[in-house]
Amino acid sequence: MTMAIQIPDSIQPIFTFAHPALMTATMLIAFYSLYLGIQSWRTRLAKGDEKKKLLEGNFANRHFQIGSIFLVLMVMGAVGGMAVTYVNNNKLFVGPHLLAGLGLISLVAISASLVPFMQKGNAWARYTHVSINFALVGILTWQALTGFEIVQRILDSMTKAS
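Take the sequence shown: its letters are residues 20 to 181, numbered as in this note's numbering.
And the structure:
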């Protein structure tokens with residue numbers, strides 16, 4: 020049994036392209052969070068005047084805040100992407116893009132769960148967090164490429180239909 024949901028034609032394009040737009044912004048935020056994380060790491064290792072100067076950037080706190088926003092956007096993007104796909108097609112397409120997206124949600128949840136341990140100074144948690152996030156950014160980059168292919172197919176079908 021399928022549940023058909025009809026979206027008004029006037030907002031259909033907005034609805035269809037909300038996921039790609041959100042995930043593009045999310046990817047940019049991921050790279051900014053990576054930058055802040057590297058700066059936070061540099062601050063932690065710095066000494067003397069260099070450390071004082073880096074501390075002014077408040078990188079650790081900004082990394083934590085941007086990372087929290089990233090977590091929310093990833094979850095919203097995954098749920099939203101599946102919702103849009105289901106509403107537009109009355110089914111989900113179980114393929115590499117969906118499966119990698121679900122894997123990314125798992126990775127971001129694990130990474131976020133390590134924060135309390137990192138705040139207590141656990142090196143294993145920090146190294147695991149960094150490793151997971153490098154993998155996450157790599158997979159997210161691949162996701163963007165497959166996502167652009169999907170967007171291109173949608174645009175092609177829209178131009179053929181009109």
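Ideal placement from N, C-alpha and C gives every residue a C-beta, glycine not left out.
Per-residue DSSP class, three states only, for residue i
| i | result |
| --- | --- |
| serine 132 | helix |
| glutamine 162 | helix |
| leucine 111 | coil |
| asparagine 77 | coil |
| glycine 140 | coil |
| alanine 65 | coil |
| glutamine 58 | helix |
| glutamine 31 | helix |
| isoleucine 88 | helix |
| isoleucine 187 | Any answer about residue 187 is impossible in this case: the structure gives the chain only from 20 up to 181. |
Nonlocal neighbours in the same chain, by C-beta distance under 8 Å from residue i, ignoring five residues either side
| i | result |
| --- | --- |
| leucine 41 | Leu92, Met95, Gly96 and Gly99 |
| lysine 139 | none |
Distance, residue j Cα to residue i Cα
| i | j | result |
| --- | --- | --- |
| lysine 71 | methionine 177 | 55 Å |
| aspartate 68 | arginine 61 | 13 Å |
| isoleucine 30 | histidine 82 | 35 Å |
| valine 168 | methionine 137 | Per the sequence shown, residue 168 should be read as glutamate rather than valine. Cα to Cα, glutamate 168 sits roughly 38 Å from methionine 137. |
| alanine 131 | tyrosine 54 | 17 Å |
| proline 135 | leucine 111 | 36 Å |
| methionine 46 | phenylalanine 36 | 16 Å |
| isoleucine 57 | arginine 172 | 37 Å |
| leucine 155 | aspartate 28 | 36 Å |
| proline 32 | tryptophan 161 | 24 Å |
Nearest-angstrom beta carbon gap, residue j and residue i [assumed within contact, 8 Å]
| i | j | result |
| --- | --- | --- |
| histidine 148 | leucine 159 | Actually they do not touch by this definition, with Cβ atoms about 16 Å apart. |
| phenylalanine 153 | valine 103 | So it is not a contact: roughly 29 Å between Cβ atoms. |
| isoleucine 129 | isoleucine 88 | Contact flag wrong, Cβ pair sits at about 18 Å. |
7 Å CB neighbourhood of residue i in its chain, flanking five on each side removed
| i | result |
| --- | --- |
| serine 59 | Phe78, Ala79 and His82 |
heavy atom of the ligand PLP below 7 Å from residue i C-beta
| i | result |
| --- | --- |
| lysine 72 | Summarising the ligand content, the structure contains no ligands, and the ligand PLP is consequently not present. |
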